[in-house]
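Notes follow once the structure below has been shown.
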Amino acid sequence: NAGVMQNPRHLVRRRGQEARLRCSPMKGHSHVYWYRQLPEEGLKFMVYLQKENIIDESGMPKERFSAEFPKEGPSILRIQQVVRGDSAAYFCASSPSASGASSYNEQFFGPGTRLTVL
Amino acid sequence: RKEVEQDPGPFNVPEGATVAFNCTYSNSASQSFFWYRQDCRKEPKLLMSVYSSGNEDGRFTAQLNRASQYISLLIRDSKLSDSATYLCVVRGSTGAGGFKTIFGAGTRLFVKA
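So the protein sequences, as listed, match chains A and B. Sequential numbering from 1 applies to the first sequence in this note's numbering. Sequential numbering from 119 applies to the second sequence in this note's numbering.
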């Protein structure tokens with residue numbers, strides 16, 4: 001059973017370009033979470049999605065950032081017109097489909113995408 | 119006040135030492151609690167869930183005090199391989215029918231020979 005997969009593992013963009021980060025959850029998981037981790041800092045929640053729905057985007061910057069989790073295919077975190085401050089590790093996590101009701105639900109993390117903005 | 123607070127450390131301990139990490143949370147409606155471990159430049163991985171009665175897994179013991187809204191992790195007989203950042207994680211109701219998971223900023227541990 002493959003774990004959470006993220007690609008690319010490393011992404012370099014110039015200021016003003018777009019970054020697309022992909023996340024394939026573990027098999028059987030329909031809940032996806034995106035986190036950002038700046039160098040030497042903790043994980044910051046960005047967005048929580050279920051298939052075709054954004055459940056909680058309270059951690060997403062209001063501009064330039066968007067996320068989707070289509071019926072088919074991976075979840076995508078999209079950053080438009082990147083700036084140097086977007087340089088960070090972006091982690092995706094997934095949890096089982098019953099996560100909304102279960103208290104003891106753990107999140108399984110992917111290896112992350114390290115975005116560097118030049 | 120942060121929703122989940124941890125002492126950032128770093129904790130520098132010799133091999134074989136016992137070390138304890140503390141974590142406090144602000145949402146009294148929090149329902150589940152975890153400790154994750156994150157190695158440098160790697161993804162967080164679940165270390166253990168924290169149950170109301172406290173639980174132990176080998177050298178690791180987790181405790182929960184709901185009244186004080188406090189979680190702890192105790193590591194006995196520290197190994198060099200225990201060097202990592204330990205993340206306190208709290209999950210609770212948002213009050214709108216949903217759940218939210220909050221990660222603490224982590225406590226760094228360095229175990230030295």
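A virtual CB, placed ideally from N, CA and C, is assigned to each residue, including glycine.
Taken in chain order, the complete beta strand (DSSP E) segments of 3 or more residues contained in the region 35-65 of chain A are 43-50, 53-56. Within chain A, Glu106 have C-beta atoms less than 7 Å from the C-beta of Leu164 (chain B), given in sequence order.
For Lys197 (chain B), the closest Cβ of chain A is not nearer than 9 Å. In this structure, the CA atom of Leu227 (chain B) is about 10 Å from the CA atom of Asp157 (chain B).
Taking a Cβ-Cβ threshold of 7 Å, the residues of chain B close to Pro111 (chain A) are Glu161, in chain order. Contact with chain B is absent for Leu21 (chain A), since none of that chain's Cβ atoms lies less than 9 Å from the residue's Cβ. Gly172 (chain B) counts as exposed, since fewer than 16 other beta carbons sit within 10 angstroms of its beta carbon. In this structure, the alpha-carbon of Arg194 (chain B) lies about 22 Å from that of Gly222 (chain B). Spanning the alpha carbons of Pro111 (chain A) and Glu161 (chain B) requires a straight line of approximately 5 Å.
Boundaries of the beta strand (DSSP E) around Tyr90 (chain A): 88-96. Three or more Cβ pairs closer than 8 Å define a contact, and the region 142-149 of chain B falls short of that threshold against the region 194-205 of chain B. Fewer than three Cβ pairs drawn from the region 12-22 of chain A and the region 180-188 of chain B lie within less than 8 Å of each other, which leaves the two stretches out of contact.
Distance from Ser150 (chain B) to Arg209 (chain B) at the Cβ level is roughly 5 Å; contact confirmed, criterion being Cβ atoms closer than 8 Å. Residue-level contact check: Phe152 (chain B) touches chain A, since one or more beta carbons of chain A fall below 9 Å from its beta carbon. Secondary structure of Arg9 (chain A) (DSSP, three-state): coil. No Cβ-Cβ contact shorter than 9 Å links Val47 (chain A) with Asp86 (chain A). Those residues of the region 78-95 of chain A placed with their C-beta closer than 7 Å to a C-beta in chain B are Phe91, ordered along the chain.
Among the CB atoms of chain A, one or more fall inside 9 Å of the CB of Ala223 (chain B). Glu52 (chain A) does not reach chain B, its nearest Cβ partner there being about 17 Å away, counting only Cβ pairs nearer than 7 Å. In chain order, Leu205, Phe221, Gly222, Ala223, Gly224 make up the part of chain B whose C-beta sits under 8 Å from the C-beta of Gly42 (chain A).
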